[in-house]
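Asks: For the sequence shown, the positions run 1 to 109 when the working numbering is used.
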Amino acid sequence: MANYDFGFDEFQSLGCHHLEDGKSVLVAAPTGAGKTIVGEFATFLAEKNGNRCFYTTPIKALSNQKYQDLVKLYGDSEVGLLTGDSSINSEARIVVMTTEVLRNMIYAG
């Protein structure tokens with residue numbers, strides 16, 4: 001988190017602290033509010049601690065972009081992608097997916 005040249009909003013700080021404490025976090029905020037900060041920190045902790053992380057986005061284009069961003073950081077063996085059109089490395093430690101895919105996974109049990 002030291003790589004950012006701006007301060008964090010309260011929800012970002014709280015979300016990151018809860019993640020550090022091992023709690024699950026769901027962030028819902030308007031477009032441009034800064035949810036990505038918490039998501040990126042979650043992926044960092046998952047990679048660091050050997051845990052799995054689902055990074056969700058509302059649309060395929062955002063999932064594809066975030067997948068590419070995370071592959072650059074962690075490598076293609078550590079990151080997967082699940083959208084209505086793509087299934088890449090679905091058992092990876094960090095899986096980027098649309099909220100529709102996550103919803104379907106939850107409904108399927």
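Just so you know, even glycine gets a beta-carbon here, dropped at the ideal spot from N, CA and C.
For clarity, every value in this text was computed on a predicted model and none was experimentally measured.
Y55 and K72 look like a contact to me (Cβ under 8 Å); what is the Cβ gap, rounded to whole Å?
Replies: Y55 to K72, Cβ: 14 Å. No contact.
Asks: Under three-state DSSP, which class holds I106?
Replies: If DSSP states are grouped into helix, strand and coil, I106 belongs with the helices.
Asks: Tell me the start and end of each unbroken alpha helix (DSSP H) in the stretch 24-82 that is at least 4 residues and wholly inside, in chain order.
Replies: Whole alpha helix (DSSP H) segments, 4+ residues: 35-49, 60-74.
Asks: Bridge partners of T99, per DSSP?
Replies: Note: T99 sits in no beta bridge, so no partner.
Asks: Are the beta-carbon atoms belonging to I94 and T57 less than 8 Å from one another?
Replies: In this structure, T57 does not lie closer than 8 Å to I94 by Cβ.
Asks: Quick one: is P98 buried, meaning 16 or more other Cβ sit within 10 Å of its Cβ, or exposed?
Replies: The sequence given here places Thr at residue 98; Pro does not occur at that position. By the neighbour-count rule (16 or more Cβ atoms within 10 Å), T98 is buried.
Asks: Report the CB separation of G84 from K60 in whole angstroms; it is logged as a contact under 8 Å.
Replies: With a Cβ gap of about 7 Å, G84 and K60 count as contacting.
Asks: Could you tell me if G75 is buried or exposed, where buried requires 16 or more neighbouring beta carbons within 10 angstroms of its beta carbon?
Replies: Its Cβ having fewer than 16 others within 10 Å, G75 is exposed.
Asks: Sorted by chain position, which residues of the same chain lie with C-beta nearer than 7 Å to S90's C-beta, five sequence neighbours on each side aside?
Replies: G80, L82.
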